[in-house]
Amino acid sequence: MSLFVRRRILLSSVAPIALIGGAVTLACLGAGAANAQSAPTDAAAAAPAAAPASGQVEEVTITARDRAEKAQDVPLPISAIGKATAEREHFEGWKDVVQKVPSFTPAVANPRTGANGLRGITGIAGGTDGSEGGVGVIVDNVFYTHIGFSWLTTYDIDSIQVARGPQGTLLGKNTTIGAIIINTKEPSFEPQTTTETTVGSRRLVEEKFSNTGTLIPDTLAYRISGFGTKQDGFIKNLYAPAGDPDGQNVNRWGGRGQLLGTFGDITDRVIVEHDASHENNNGTGTFDDGWNRNFDGSARKIAVVTGAGAAVYNTPQGALSALFPQYASRIAANPWAAAYTDIGSLKTRTDGVSNELNWHIGDYTLTSVSAWRRFDFQPHNWTGNYGIKQYSDLSVGYDVNVNQYSQELRIASPTGEQFEWTGGLYFLRELVNSRAIYGFGPDAVTMTTANNTNVGLYNSSILDGVSAYRFGRTGITTFAQFAQGTYHYDEKAALTLGIRNSWEDRTASDTGYYEGGAALPANLQNVRTDYVIANAGGTNFPISGEQKTDSISFLINPSYKVTENFNAYFNFARGVKSGAANTDAVPIYTGNTPAAWAANQLPTKVDDQRAITKPEVAYDFELGFKSSWLDNRLQVNANVYDNEIYDFQAKLVNYSNYITNGQTVFVPNNYLGNVPHIRLAGFETDGRYSPIDDLWITWSGAYNGAWYVKFPNSALPADYQASAVHPTSLDLSGGRIPNVTPFTFSLGATYEYAAGAFIGENWRGYVYGNQFFKSTTQFSLGAGSTAYVLKQPSYSTFNAGFGFKTSNENIDVGIWAKNLFNRRAVQSMALSTNLALGTLYWNDPLTVGVTLRTKF
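Taking this note's numbering, the leading residue of the sequence shown gets 1, the next gets one more, and so forth.
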């Protein structure tokens with residue numbers, strides 16, 4: 001049966017579309033009274049050419065090929081968002097980019113466990129510190145290896161570019177799905193100070209500022225910028241002490257300082273930045289998944305032992321209530337609130353320094369980009385649920401430290417030549433330390449064994465006060481040579497070829513131990529070790545590995561201008577992502593059973609998880625066009641794609657099992673591995689249209705199909721695994737990949753008009769709306785593999801705003817709303833376990849705010 005989290009939709013999806021239509025109609029009626037003006041210009045993204053004629057689509061400059069080019073002239077699927085759009089629509093993070101680029105699908109969880117995705121695939125998400133994303137992030141020409149580096153980059157933004165398909169012959173490191181390119185605002189010799197103050201719902205308070213100007217005339221300019229944001233969360237913690245933060249709150253701040261020197265033919269830009277956040281990003285609700293029968297129809301059995309004797313339950317609510325009767329009244333599903341006993345904040349700090357030097361040697365440009373970046377993550381997670389003290393303090397989780405050092409050196413030929421080329425060298429060194437911490441509390445033994453008798457093998461002192469640790473480490477050294485060139489046969493036909501050779505040396509290791517706890521008699525020493533293994537995956541072990549690879553990436557990209565305004569292209573590319581390090585690698589045990597506990601025996605180690613996965617290789621085929629019509633008032637772009645990915649890196653699951661209280665308990669074992677072959681195929685389109693002066697209609701849509709071409713040995717869903725008779729694995733070959741939304745679409749409109757004079761200034765008004773649609777998303781495997789299919793039905797959200805600004809944009813007052821009709825939708829879901837209810841993660845609710853922006 002299908003499972004849905006049902007909630008009354010406040011307004012039909014038709015309502016937001018009707019509002020957009022109303023805005024367009026209003027704009028058309030008012031057009032005659034409005035002064036003829038150029039289209040709203042994203043100054044950061046606009047080409048340094050003359051402003052477009054009234055109503056024309058602005059020319060957008062992008063840097064995805066390490067050159068300043070008009071977006072419509074680049075024969076690749078690339079979307080760009082300029083600073084004017086980002087400021088007007090109050091872009092604060094990756095979630096806002098989705099409104100403009102629907103094929104962009106970030107998994108926004110917390111600074112460590114998030115991931116950026118394209119075309120339905122995020123690659124590895126959920127906290128895998130030794131892996132790289134399939135979608136790369138490049139900020140100010142620096143490639144970010146760890147997702148935590150890009151947690152707080154979206155302030156003082158000049159432009160955001162989304163390049164779809166493998167990126168390998170330029171743009172730092174290899175990627176297999178795409179890249180996000182962010183350019184922040186540079187220092188200027190023209191003095192300017194910008195302030196931005198926002199207040200809004202859930203006690204939102206945000207302040208942003210920037211100041212730029214001259215230190216030495218015509219030689220040295222500076223820029224300083226910063227921000228601070230606080231907002232209450234929207235997931236209430238029902239049982240946490242007063243003062244603990246609500247789930248999904250916002251508490252972050254940061255600053256960036258820059259110097260720009262111009263010394264004849266040399267320009268040099270230095271950036272120093274620091275960002276931090278103290279937030280509870282783990283607020284999840286719970287739901288009753290209805291799992292009381294297994295996939296084969298047999299009754300679900302959760303065995304427990306209490307002072308009253310042994311009993312069997314078919315729901316985690318029943319089992320938990322029996323084990324903890326003092327909290328029975330609390331143990332119930334609540335999709336809209338969390339049930340943490342205690343909760344703290346996840347503390348994050350990111351520091352970075354980079355230097356970009358450009359030396360113009362005649363008509364050629366030599367570029368050097370040197371960078372260092374550090375990410376520190378210290379979580380203070382929950383101690384349990386409902387009042388249960390499974391852990392002793394808030395230190396359970398992963399302490400993570402990442403240091404990245406990179407150097408890029410490239411030379412580019414003059415632009416406008418028949419043959420344009422770029423070539424260079426790239427070096428990167430990354431070091432990651434990931435320490436897993438388990439500080440056990442007085443209820444840890446009960447949660448481990450489902451036995452609350454507190455005697456003998458089940459005495460709480462066996463685990464209470466014990467701290468278990470695993471130390472995962474990985475390092476990678478990358479050295480690459482790359483070259484890319486475009487030959488223009490004539491004014492219509494061009495061929496771009498690119499190649500990259502990457503040599504990489506990856507090392508990985510994991511070790512474990514535990515300490516603390518009360519003194520135990522000799523007959524319980526090994527029992528303590530057994531329990532630590534059941535919770536932490538392993539202890540007293542070393543695992544290590546090394547992988548050296550030498551890989552080739554390439555690009556073949558012919559294009560042809562059928563007319564001056566219609567450019568058709570084909571792209572064939574190969575991208576390679578280095579092997580992922582399993583910093584959570586643990587031994588594989590057997591025999592961790594009550595019989596072994598009673599005999600004070602340790603389980604038998606039968607193998608080790610693999611420390612490093614195979615590299616991921618993608619072959620991508622793109623066919624598309626970019627076009628302009630109606631005197632450049634209309635842009636229509638579209639492409640089809642087929643991305644074949646081999647040895648796709650993913651977080652996989654197998655199950656260890658042991659028998660307790662007469663029942664088999666299956667313990668999920670998460671590890672990094674490879675799916676032999678997947679396919680991403682679909683269609684994408686975007687465009688803009690200005691039917692009248694000062695009115696813009698934008699759209700972007702995608703169909704993203706994702707299939708397992710070859711996956712013969714997938715783990716079984718939990719209800720299938722618990723069935724009386726079941727295979728050891730599933731063959732998912734030919735099936736759809738879960739967590740992929742097939743259809744996404746956005747439709748937006750922006751209109752500006754002359755509002756008249758006030759306090760000595762000429763004012764312009766503006767209004768915008770943006771509708772975003774997602775089709776049904778299935779989070780689990782299909783009905784052929786599980787009786788409990790988890791889905792989020794199709795839904796749409798609507799963002800809107802209006803405001804007034806002076807003609808010189810020195811003052812801008814805007815009122816905005818995100819998710820205006822408060823459409824609540826689930827972003828991820830997970831089935832229950834023996835002693836935990838199903839969990840779900842919500843999208844952001846309605847947020848409204850007022851922003852005052854000044855420039856002087």
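All C-beta atoms, glycine included, are put in the ideal place defined by N, C-alpha and C. Computed from a predicted structure; not experimentally measured.
Reducing DSSP to helix, strand and coil, say where residue i ends up.
i	result
Ala493	strand
Asp812	strand
Ile138	strand
Ala580	coil
Tyr841	strand
Tyr327	helix
Trp94	helix
Leu747	strand
Gly456	helix
Glu207	strand
Leu852	strand
Lys710	strand
Leu220	strand
Ser551	strand
Ala23	Reliability fails at Ala23, whose pLDDT of 39 lies under 50, so the model's placement of it is uncertain and no value is given.
Gln721	helix
Ser413	coil
Arg164	strand
Gly55	Summary for Gly55: the model assigns pLDDT 42, below 50, so the residue's position carries little reliability, and this model does not support an answer.
Thr776	coil
Thr176	coil
Asp73	helix
Val445	helix
Ile499	strand
Pro187	coil
Gln248	coil
Pro558	strand
Within 10 Å of its beta-carbon, does residue i have 16 or more other beta-carbons around it, so buried, or fewer, so exposed?
i	result
Thr193	exposed
Trp816	buried
Thr145	buried
Pro40	Low local confidence applies: a pLDDT of 39 at Pro40 is under 50, so the model's placement there is unreliable, with the coordinate-based value given in what follows. Burial call: buried.
Ile759	exposed
Asp140	buried
Leu215	exposed
Tyr364	exposed
Gly148	buried
Ala722	buried
Lys100	buried
Would you check if the distance between the CB atom of residue i and the CB atom of residue j is smaller than 8 Å?
i	j	result
Gly247	Ala338	yes
Asp342	Ala468	no
Val576	Asn174	yes
Gly769	Ala749	yes
Thr496	Leu431	no
Asn819	Asp844	yes
Pro316	Leu835	yes
Tyr438	Asn526	no
Gly228	Asn249	no
Leu831	Ala718	yes
Gln418	His360	no
Pro742	Ser775	yes
Gly134	Thr176	yes
Return yes when at least one heavy atom of the ligand MG lies under 7 Å from the C-beta of residue i, else no.
i	result
Glu564	For the ligand MG, the structure offers nothing, since it holds no ligand at all.
Evaluate the contact criterion for the segment 431–444 versus the segment 378–391: three or more CB pairs, one atom per stretch, below 8 Å.
Judged by Cβ distances under 8 Å, the segment 431–444 makes contact with the segment 378–391, as three or more pairs qualify.
Are the segment 343–356 and the segment 317–333 touching by the rule of at least three beta carbon pairs closer than 8 Å?
No contact exists between the segment 343–356 and the segment 317–333.
Could you name each continuous alpha helix (DSSP H) segment of 4 residues or more that falls completely within the segment 514–542, going from the start of the chain to the end?
Correct list: 522–536.
Completely contained alpha helix (DSSP H) runs for the segment 587–644, where each covers 4 or more residues:
The segment 587–644 contains these whole alpha helix (DSSP H) runs: 594–598.
Per the contact definition of three or more C-beta pairs closer than 8 Å, is the segment 73–86 in contact with the segment 780–798?
No, they do not touch.
Touching by the beta-carbon criterion (3+ pairs, under 8 Å), the segment 401–416 and the segment 250–270
Segments in contact, no.
Sufficient close CB pairs (3 or more, under 8 Å) joining the segment 156–163 to the segment 182–196
As far as the Cβ criterion goes, the segment 156–163 touches the segment 182–196, which means the pair count is three or higher.
Touch check for the segment 640–648 and the segment 669–679: three-plus C-beta pairs under 8 Å?
With the cut-off at 8 Å, the segment 640–648 and the segment 669–679 touch.
Could you tell me which whole beta strand (DSSP E) segments of length 3 or greater appear in the segment 350–408?
Entirely contained in the segment 350–408, the beta strand (DSSP E) runs reaching 3 residues are, in chain order, 364–379.
To test your reading of the DSSP string, which unbroken beta strand (DSSP E) runs of 3 or more residues are found completely within the segment 784–837?
The qualifying runs are 789–792, 795–806, 811–818 and 826–830.
With three or more beta-carbon pairs closer than 8 Å as the criterion, would you say the segment 675–691 touches the segment 703–719?
These segments touch.
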